[in-house]
Amino acid sequence: MANTRKNNQDMPNAHLHELFVDELRDVLSAEKLLLKGLKKMAGKANRDTLRSAFEEHYTQTEQHIERLKNVFSAIGLSPRAKKCKAMESLLAEAEEIMENFEEAEVLDAALIAAAQKAEHYEIASYGCLVTYANLMEHREAADLLSQTLEEEKDTDTKLTEIAMEEANVAH
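With the sequence shown counted from 1, adding 574 to any position gets you this note's numbering.
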């Protein structure tokens, strides 16, 4: 991979820089793909609370994309995504779920499971990015990425609450 930052050998743990940039590009793609998936999942959700959670995360995801653009800027690069095969696969699985489970009670539970798989991928990605940014002393990038990581964890918690209080239990 070509050098993505001039004098990147001057930073601590410079050996992580190329990996950091590659992961940033991957998660930028993942967030953009997730926007489309969230719109579809919100349209299929039966419960208002779940639909609202998907819509709220859609708005957050737009903010995550803007925040990632700021991270790229903070490290002196222009934002560029690379195809995120993992998110593509997770969203393909979500599409399959939406086609196979049409019964309202089961569909919402299945949508939550699909959404949480995507959330867990994002949590893992952002967790690694925060670690790399801290190790390379990219303070601004670490702060921005930490904000997104916390929001992803909050979304995961909210989805679990909806599942346990409404979607996964018989009423």
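Ideal placement from N, C-alpha and C gives every residue a C-beta, glycine not left out.
- Rounded to the nearest angstrom, the Cβ distance from Ile-697 to Leu-723 is 7 Å, consistent with a contact under 8 Å.
- Sequence-distant Cβ neighbours of Glu-629 in its own chain, meaning closer than 6 Å and more than five residues away, are Ala-616.
- For the set Thr-729, Tyr-700 and Thr-731, the Cα lying nearest the Cα of Leu-718 is the one of Tyr-700.
- By the Cβ test, the stretch 686 to 695 is in contact with the stretch 661 to 676, since at least three Cβ pairs between them sit closer than 8 Å.
- Contact annotation: Thr-635 and Leu-609 have beta-carbon atoms nearer than 8 Å.
- In the DSSP assignment, Asn-644 falls within the alpha helix (DSSP H) that extends over 622 to 648.
- Approximately 6 Å separates the beta-carbon atoms of Leu-685 and Ala-619; this is inside 8 Å, confirming the contact.
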